[in-house]
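If you're matching positions, the sequence shown starts at 38 in the working numbering and goes up one per residue.
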Amino acid sequence: MDISYEIIRSSRKTLSLEITPGGEVRVRCPRRMPQGEITRFLEEKRPWLERHLEALSRRPRLPVLTSAELRSLAEQAARILPERTAYFARILNVTYGRITIRSQRTRWGSCSAAGNLNYNCLLMRTPPDIQDYVVVHELCHRKELNHSVRFWALVESVMPDYRTRRQWLKDNGGGLIACLPEKEGNP
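This is the structure we're talking about:
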């Protein structure tokens, strides 16, 4: 296969394929999986890989954020997101715990079983309606700590156009995350 890739072996039972926001291809597989099986898997996924790598290459590359820029985004998020969270929590009739702002490569937000919320500071580089979608998504986990049909119905009850907002994140989020410096961390 002429596409370069990294193999990550672990105790997992299945194969998976990932394209990072920076365009690196990663294959995650069981520790003892033979190379031939990995190669067959990649050949089977070649059309998907080529399509996504091509789309990624057409996306304009934003400059990597400095530490000062990340801190500024985190400060903005700490001012704006708690206010939006309180607003939507009243609509959903839910409570929540602590709100933490982070810079993450894999999540826009999360909700712990204890009700603590984490938001990615990069949300400040998205339109307000996308920020609201992430807030609503995480608050809905206060009633449904999963992604079941009931969960999505709850999201839709507050935000009927959530699919459009979710798609925006899928289409544009990778470019924003690619702006994070190589070393992950909290601002």
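By construction, the Cβ of each residue, glycine as well, lies at the ideal position given by its N, Cα and C atoms.
Own chain partners of residue 60 with C-beta closer than 6 Å, once the 5 adjacent residues on each side are dropped: On the sequence shown, position 23 is the one that residue 60 refers to. Closer than 6 Å at Cβ, skipping near neighbours: 93.
Own chain residues within Cβ distance below 8 Å of residue 82, not counting five before or after: Position 45 of the sequence shown, counted from the first residue, corresponds to residue 82. Hits under 8 Å: 54.
Residue 76, buried or exposed, once every other Cβ within 10 Å from all chains shown has been counted against 16: Reading the sequence shown from its first residue, position 39 is the one you call residue 76. Residue 76 is exposed by the Cβ-count criterion.
Supposed close pair residue 158, residue 126 - CB separation, criterion 8 Å: Position 121 of the sequence shown, counted from the start, is the residue given in the question as residue 158. Position 89 of the sequence shown, counted from the start, is the residue given in the question as residue 126. With 8 Å as the limit, residue 158 and residue 126 do not qualify as a contact, their Cβ atoms being about 20 Å apart.
Bridge partners - residue 146, DSSP secondary structure assignment: Residue numbering aside, residue 146 sits at position 109 when the sequence shown is read from its first letter. BP columns for residue 146 point to 156.
Nearest residue (CA-CA) to residue 41, options 52, 50, 56, 51: Along the sequence shown, one-based indexing puts residue 41 at 4. Ranked by Cα distance from residue 41, the first of 52, 50, 56, 51 is 56.
Coarse secondary structure for residue 47, derived from DSSP in three states: The residue given as residue 47 occupies position 10 in the sequence shown. Here residue 47 sits in strand by DSSP.
Closest Cα partner of residue 167 within the set 49, 146, 152, 184: Indexing the sequence shown from 1 puts residue 167 at position 130. Taking only the C-alpha atoms, the option nearest residue 167 is 146.
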